[in-house]
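Novice: According to the numbering used here, numbering within the sequence shown proceeds without interruption in unit steps and concludes at 440.
Backbone N, C-alpha and C fix where the C-beta goes; we use that ideal spot for every residue, glycine too.
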Amino acid sequence: MAAMEEKQTKQVLFLCYSLSGQTSRVLVRLAEGLEEMGIHVHTERLRPVQPIRFPLGSIRTTLAMMVITFFRTRVPIAPLSEKSYEKYDLVIVAGPTWSYHPSGPILSLFKFEGLRLFKNQAVLPVISCRGYWRMHWYGLRHLLKKCQARIVNRIVFSHPIKEPWRTVGVFLKIAGKNPERSKSLGKFYPKYGHSVEQLEEAFRFGRIIGSALTDGKSIEEINFQTSTALPKFPTSKN
Ligand SMILES: Cc1cc2nc3c(=O)[nH]c(=O)nc-3n(C[C@H](O)[C@H](O)[C@H](O)COP(=O)(O)O)c2cc1C
């Protein structure tokens with residue numbers, strides 16, 4: 203009986219990379235939402251062969267990284283665990299936007315394991331970014347289609363801070379400057395990354411996905427493009 207229940211439990215695989223912890227924060231709550239609905243989640247983190255430290259440490263290194271990543275440079279990753287190749291009801295492939303593209307470790311994953319992991323597989327991409335994700339999405343969608351994946355929807359979380367502070371703040375944070383602690387910048391840039399409300403939204407998304415999987419309903423119809431996940435900001439001061 204227990205074995206039968208185990209068999210019926212829906213299985214979700216997270217294939218993910220996170221440099222500064224933001225994708226991970228979102229995924230932790232997403233997994234908790236799924237698990238609350240009785241879904242089993244296996245998380246497989248992509249590990250660069252040569253670890254990339256965060257913050258990068260200087261303005262120069264950050265600028266160099268932005269240029270390198272703009273050219274969609276792949277970052278070699280360590281082999282995945284055998285569990286990644288088991289059968290899953292849904293695969294969530296998640297990571298940050300790097301210079302308008304998927305991050306280097308995710309690009310490596312597609313290059314070397316894409317077909318094996320994604321062919322005929324239901325896949326839900328999750329993107330964490332400061333705000334500019336469309337090109338990343340188009341690129342990711344292209345890579346998934348090439349692997350004959352079945353893309354069931356997309357989830358995007360952007361940082362909830364107004365421009366230009368968001369861009370300036372993210373850049374300085376990556377360089378290791380802690381803009382949120384600066385007297386002048388801190389007023390406009392109180393925090394790097396996603397808000398607590400967004401993490402709760404991720405939890406809610408997890409529950410909705412979990413119940414859709416359990417009830418055999420479509421994930422395609424779910425609206426993940428909420429104003430909490432993807433806040434829109436007026437260009438003038440409000
Ligand atoms: C090298 C680099 C390039 C980035 N380029 C973009 C970009 O083009 N668009 C964007 O919205 N965010 C960009 N970001 C910001 C990250 O996508 C954002 O901070 C994300 O939340 C980080 O997720 P992580 O902590 O999981 O790595 C970039 C970050 C880095 C390190």
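Quick one: Cα of Ala296 to Cα of Lys385, how far?
Specialist: Spanning the two alpha carbons is a distance of roughly 34 Å.
Novice: Under the DSSP definition of a beta bridge, which residues are partnered with Thr299?
Specialist: Bridge partners of Thr299: Pro304.
Novice: Check Pro253 in the structure and name its three-state DSSP category.
Specialist: In this structure, Pro253 counts as coil in the three-state DSSP scheme.
Novice: For ligand 1, any of its heavy atoms closer than 7 Å to the Cβ of Arg332?
Specialist: Yes, Cβ of Arg332 sits closer than 7 Å to a heavy atom of ligand 1.
Novice: With H, G and I counted as helix, E and B as strand and the rest as coil, what does DSSP make of Gln210?
Specialist: Helix.
Novice: Starting from the Cα of Pro366, find the closest Cα among Ala233, Lys321, Lys389, Pro327 and give me that residue.
Specialist: Nearest of Ala233, Lys321, Lys389, Pro327 to Pro366, Cα basis: Lys389.
Novice: What residue range does the alpha helix (DSSP H) around Leu324 cover?
Specialist: Checking the sequence shown, residue 324 turns out to be Ala, not Leu. Element bounds for Ala324: not the alpha helix (DSSP H) but the beta strand (DSSP E), 324-331.
Novice: Just the Cα atoms here: how many angstroms apart are Val277 and Arg227?
Specialist: Roughly 22 Å between the two C-alpha positions.
Novice: Ligand 1 and Pro307: does the residue's C-beta get closer than 7 Å to at least one heavy atom of that ligand?
Specialist: Result no, Cβ not under 7 Å from ligand 1.
Novice: So Ile261 is in the alpha helix (DSSP H); what residue range does that whole segment cover?
Specialist: Run containing Ile261: 261-272, per the alpha helix (DSSP H) assignment.
Novice: Leaving out five residues on either side along the sequence, give the residues of the same chain with a beta carbon under 6 Å from the beta carbon of Ser286.
Specialist: The residues are Glu246.
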